[in-house]
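Those protein sequences? They're chains A and B, same order as listed.
Counting in the working numbering, the first sequence runs from 1 upward without gaps.
Counting in the working numbering, the second sequence runs from 1001 upward without gaps.
Here is the structure we will look at.
There are 2 protein chains.
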Amino acid sequence: MPKVVDHAERRSQIAEAVWRVVRRDGVEGATVRAVAAEAGWSPSALRHYFVTQDELLTFTMSLVADRARARIEALPAVADPVRRAERVLSELLPLDDERRTENAVWIAFNARALVDPSIRAVRDSTYDAIRAVCHGLVVDLVPGAGSLPRADVDLLVRELNALLDGLAVHAALRPELWSPRQLRQVLRHHLDGIRDR
Amino acid sequence: MPKVVDHAERRSQIAEAVWRVVRRDGVEGATVRAVAAEAGWSPSALRHYFVTQDELLTFTMSLVADRARARIEALPAVADPVRRAERVLSELLPLDDERRTENAVWIAFNARALVDPSIRAVRDSTYDAIRAVCHGLVVDLVPGAGSLPRADVDLLVRELNALLDGLAVHAALRPELWSPRQLRQVLRHHLDGIRDR
DNA sequence: AGCGAGGCAGCACAGATGTGCTAAAAAGGC
DNA sequence: GCCTTTTTAGCACATCTGTGCTGCCTCGCT
């Protein structure tokens, strides 16, 4: 009774084909026909799993967020707050090819979010989740976070959050200028700065 | 002999029409016909000032960078390094409607730079210039920058640069979460941190 | 006044795109 | 083995896109 490839997994396979097309030709290159060719099916087969193109693209972007979330949740517990923060945030940086692809796709869709409401909804909730993660890390990182004014904590969270996305964007756009080692160094320096402030 | 509206200025007017279209409908909405309608001319008139669409889009993106550069160069001299850095970098953040538009357009084109070589060239040289600006500001900011290892300065430059673009992206994408006041606060906090390190 | 060149509009055309419709093929239950 | 449901292919159609081509209209010069 379990089909060899079920509906949900097929949708993920197609979404990954979208990633490859987007990396090669941008979001505007992710036409129904191009994605179908990349996935190895006919356009009509595609339409069986995604009724409209909007649905296809929205699902594809959600999958990026889901994959990252899954990686973070699967992370082993680490006692030291700096190291924990390093591990968690590293999952969001383009440190290897898989995450480079994710980041590039994310950036491409981000631009589309400026004008596409359904994409924007996915993006907003994802960024909210990332901000919450940053908040948790900062609270564990700052010595007396409990007794600190909320505005001060908020400031640190915003700063960390902005740095994180800045690093991600830079490294995804210009990998030749940002080695994984340099990304980690900057992140680590910033985290140390929060702890020792 | 001076025409009422000369060639170069007409090109800028058209590029500004592109900005408005991109803000409304994204880069993929910036078709020749849409831009012509926005600018109030026929598509043929457009083709008189820009032979191909690529030329139009590349020029439009360059104009964003040129405007920002001009604003920075026109800035009055400020003795205090923190205040100077604040003033300079503020010109790159979406603190008002004009700069919000610039940032949104920049982000949209940035995504296209992933696949469009001519756009990428503009983007790379602009980012190099911004990095150079950051370097200058950091050198003035850090007390003993001259005697500091080059790698340490480089680290601070990268961190500032990433924070700057992270702030810009966040504020452009979600203005409702980033008031100009909050942007300035985070920037100021980071600059103070560099000075007092 | 006449003329030549540049600025502009309109149309045309080939290609691509999203999506609907119809039928064939495959799969699965009895 | 047959029949129903799901999955896939193929085609069509209206729309939109970049860009080439042709002609008009309006300046500026002599």
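No residue lacks a Cβ here, since even glycine has one placed at the ideal position from N, Cα and C.
Chain-order list of residues whose beta-carbon lies under 6 Å from that of residue i (same chain, five-residue window excluded)
i         : result
A:Val27   : Ala108, Arg112
B:Val1018 : Ala1030, Val1035, Thr1060
B:Pro1002 : Residue placement at B:Pro1002 is poorly supported in this model, since its pLDDT is 41, which falls under 50; the coordinates still yield a value, given next. Excluding residues within five positions, none has a Cβ falling inside 6 Å.
B:Pro1180 : Leu1095
A:Ala104  : Arg23, Ala172
DSSP state of residue i mapped onto helix, strand, coil
i         : result
B:Lys1003 : For B:Lys1003, the predicted model reports a pLDDT of 49, less than 50, meaning its position is unreliable; a value from the coordinates is still stated below. In this structure, B:Lys1003 counts as coil in the three-state DSSP scheme.
B:Val1078 : coil
B:Pro1043 : helix
B:Val1051 : coil
A:Ala15   : helix
A:Val144  : Per the sequence shown, the amino acid found at residue 144 of chain A is Gly instead of Val. Here A:Gly144 sits in coil by DSSP.
A:Asp196  : coil
A:Asp124  : helix
B:Val1133 : helix
B:Val1105 : helix
A:Leu187  : helix
A:Leu57   : helix
B:Asp1096 : coil
A:Ser118  : helix
A:Ser62   : helix
Neighbourhood of residue i by C-beta, 7 Å cutoff - its chain only, sequence neighbours within 5 removed
i         : result
B:His1135 : Val1157
B:Leu1183 : Leu1093, Leu1095, Leu1167, Ala1171
A:Leu163  : His190
A:Arg100  : Pro94, Ala172, Pro175
A:Asn110  : Arg123
A:Gln53   : Val32
B:Trp1178 : His1170, Ala1171
A:Arg87   : Leu75, Val78
A:Arg24   : none
B:Trp1106 : Val1064
B:Thr1058 : Ser1118, Ile1119, Val1122
B:Ala1068 : Glu1091, Leu1092, Glu1102
B:Ser1062 : Val1122
B:Arg1188 : Glu1086
Extent of the continuous alpha helix (DSSP H) run through residue i
i         : result
B:Gly1166 : 1150-1173
A:Glu38   : 32-39
A:Glu91   : It is not in any alpha helix (DSSP H) - A:Glu91 carries neither H nor E in the DSSP assignment.
A:Gly26   : It is not in any alpha helix (DSSP H) - A:Gly26 carries neither H nor E in the DSSP assignment.
Same chain, Cβ closer than 8 Å to residue i, five either side skipped, listed in chain order
i         : result
A:Cys140  : Per the sequence shown, residue 140 of chain A should be read as Asp rather than Cys. Contacts found: Pro81, Arg84, Ala85.
B:Ile1194 : Val1138, Leu1141, Val1142, Leu1156, Leu1160
A:Arg71   : Glu91
B:Ser1042 : Ala1036
Residue i CB to nearest heavy atom of the ligand GTP below 7 Å
i         : result
B:Val1032 : Although the ligand GTP was asked about, the structure shown includes no ligands whatsoever.
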